[in-house]
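Heads up, the thing below is written out as structure tokens.
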Ligand SMILES: NC(=O)c1ccc[n+]([C@@H]2O[C@H](COP(=O)([O-])OP(=O)(O)OC[C@H]3O[C@@H](n4cnc5c(N)ncnc54)[C@H](OP(=O)(O)O)[C@@H]3O)[C@@H](O)[C@H]2O)c1
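In my numbering, the protein residues as written are 6 to 296.
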């Protein structure tokens, strides 16, 4: 039976990777601050601070594949604490890639759609990255290190992901839903565009990639380009909530710490040809996730 090590198993995506993990694999899921309590027989968990170089459980487990999701994933936190961002998102990733190569493990890395400057949209895998913020800079540097040092690696660039959180920390869609349900207005940007992907779809796509021999960069987004405002309106329709509670605003009113790309929508033609997982539009995704 093959062994797969998952970093960030307590995160939004990590929990879905555990949920959809094929039974044929033995899994070691790593967490740091948020303990995992699991009942799945083929999944073990380990508490490790990767920034503190706690690598012993990984050596002992000796996996055939590593899915590296752990990161400082908050774009604004990276901007405010750049040293920590470089430590977790870049240095830890380089160390993990070197270890993966030494033990002969396939390596799957979660990068991001925000590595582009957002001037053009519909980005393909060979479009040049142009980071606008610290988070994106750390991801681009990590991508380069991986592709230069590990021949059996996949750099996945997911779009913004959404869905029902399994880790007790509400997702972006759940925060909007909760506010609307209690009659509160929600302010959403009209001028930043993404191709959001349902987290369930992303997790099953990643398991397909573990089993495949795909190498290099792969864009994984949903099939629809939307602003957060448009996404909010779709959510209202799906849950039969009042559309007038969604207030459109331009992003420069929000006072965010890090600059964001205007349009980092992804071209997903390659993913469609490589994967069996159907990458859904937002309405279908919300229906699948919440009904
Ligand atoms: N969310 C999105 O829409 C999105 C979009 C594009 C790309 N991505 C990328 O996709 C990946 C997963 O995102 P996510 O939203 O699932 O992230 P998340 O929910 O914030 O989870 C981050 C995970 O990283 C772990 N972690 C952080 N620092 C660590 C450290 N020093 N040592 C060990 N573990 C550490 C956390 O563990 P504890 O919580 O237990 O401390 C947690 O399990 C990230 O690489 C992110 O950059 C996310």
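Where a beta carbon is used, it is the ideal one built from N, C-alpha and C, also for glycine.
C-beta atoms of residue i and residue j nearer than 8 angstroms
i           : j           : result
residue 120 : residue 190 : no
residue 81  : residue 261 : yes
residue 48  : residue 26  : yes
residue 127 : residue 263 : no
residue 287 : residue 225 : no
residue 18  : residue 204 : yes
residue 83  : residue 143 : yes
residue 213 : residue 125 : no
Cβ-heavy atom distance, residue i to ligand 1, below 7 angstroms
i           : result
residue 117 : yes
residue 39  : yes
residue 93  : yes
residue 238 : no
residue 255 : no
residue 294 : no
residue 195 : no
residue 223 : no
Where residue i falls, given that 16 or more other Cβ within 10 Å makes a residue buried
i           : result
residue 270 : buried
residue 34  : buried
residue 118 : buried
residue 57  : exposed
residue 302 : No answer is possible for residue 302: the residues shown for the chain start at 6 and end at 296.
residue 123 : buried
Cutoff 7 angstroms; reference residue i; Cβ partners in own chain excluding five residues on either side
i           : result
residue 219 : 159, 279
residue 181 : 191, 237, 240
residue 66  : 8, 10, 33
residue 95  : 143, 146, 147
Beta carbon proximity, residue i to chain B, threshold 8 angstroms
i           : result
residue 178 : Although the question refers to chain B, the structure presented lacks it and comprises just one protein chain.
Nearest-angstrom Cα separation, counted from residue j out to residue i
i           : j           : result
residue 151 : residue 97  : 12 angstroms
residue 237 : residue 175 : 16 angstroms
residue 168 : residue 179 : 8 angstroms
residue 15  : residue 62  : 16 angstroms
residue 161 : residue 116 : 6 angstroms
residue 186 : residue 235 : 18 angstroms
residue 201 : residue 272 : 12 angstroms
residue 92  : residue 164 : 23 angstroms
residue 245 : residue 7   : 45 angstroms
residue 223 : residue 275 : 7 angstroms
residue 157 : residue 110 : 8 angstroms
residue 141 : residue 30  : 32 angstroms
residue 75  : residue 90  : 12 angstroms
residue 70  : residue 221 : 15 angstroms
residue 130 : residue 207 : 17 angstroms
Residues near residue i by beta carbon distance below 6 angstroms, same chain, minus five either side
i           : result
residue 198 : 230, 232, 268, 270
residue 228 : 284, 286
Spatial neighbours of residue i in its chain, beta-carbon cut-off 8 angstroms, leaving aside the 5 residues before and after
i           : result
residue 155 : 102, 105, 106, 112
residue 292 : 243
residue 52  : 35, 36, 37, 40
residue 247 : 185, 241
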